[in-house]
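What follows is a single structure, written as structure tokens, with notes after it.
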Amino acid sequence: LAAIFWKSSGNPPLDILVDLCGDLQSAGWNGQLSYVNAKGEWLEKNFGDAALAQPDSPQDVKAAKASRNMNESLQAYKKEEERVLDLGKQVEDTEKKLQELRVELAAAKER
Numbered sequence: 439l440a441a442i443f444w445k446s447s448g449n450p451p452l453d454i455l456v457d458l459c460g461d462l463q464s465a466g467w468n469g470q471l472s473y474v475n476a477k478g479e480w481l482e483k484n485f486g487d488a489a490l491a492q493p494d495s496p497q498d499v500k501a502a503k504a505s506r507n508m509n510e511s512l513q514a515y516k517k518e519e520e521r522v523l524d525l526g527k528q529v530e531d532t533e534k535k536l537q538e539l540r541v542e543l544a545a546a547k548e549r
């Protein structure tokens, strides 16, 4: 009925719209209701935290999560790369020591 009244008179049912915004706010929603009055002017009604700050959009949340995941992956990659380099150094040192032991063994056999 409110929509029919609005359409026929051009006057928005402000009491119903204000109640609707209050109900939405009570349910934890926030936002802005924009509507046209009888003069054709756009009017706005903020409700909830809309006047203070809007929450991040789902796209912003996804982008932040992807960025966080990428940073974590990059850190893990760098850590793994350091580990591989360290293992390579250990292998190189062990092979050098093994070569020295082979030389000592050969010398001992000659005696």
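Using my numbering, the letters of the sequence shown correspond one by one to residues 439 to 549. Every residue, glycine too, gets a C-beta built ideally from N, C-alpha and C.
Asked                                                                                           : Found
DSSP state of TRP480 mapped onto helix, strand, coil                                            : strand
Residues that TYR473 bridges to, as DSSP identifies them                                        : LEU481
Beta-carbon proximity of GLU479 to LEU471, cut-off 8 Å                                          : no
Residue range of the alpha helix (DSSP H) that includes LEU462                                  : 452 to 464
Coarse secondary structure for TRP467, derived from DSSP in three states                        : coil
Local Cβ density within 10 Å of GLY486, reported as buried at 16 or more and exposed below that : buried
Heavy atom of the ligand MG within 7 Å of SER446 beta-carbon                                    : Looking for the ligand MG in the displayed structure turns up nothing, as the structure carries no ligands at all.
Helix, strand or coil at ARG549 according to DSSP, with G and I counted as helix                : coil
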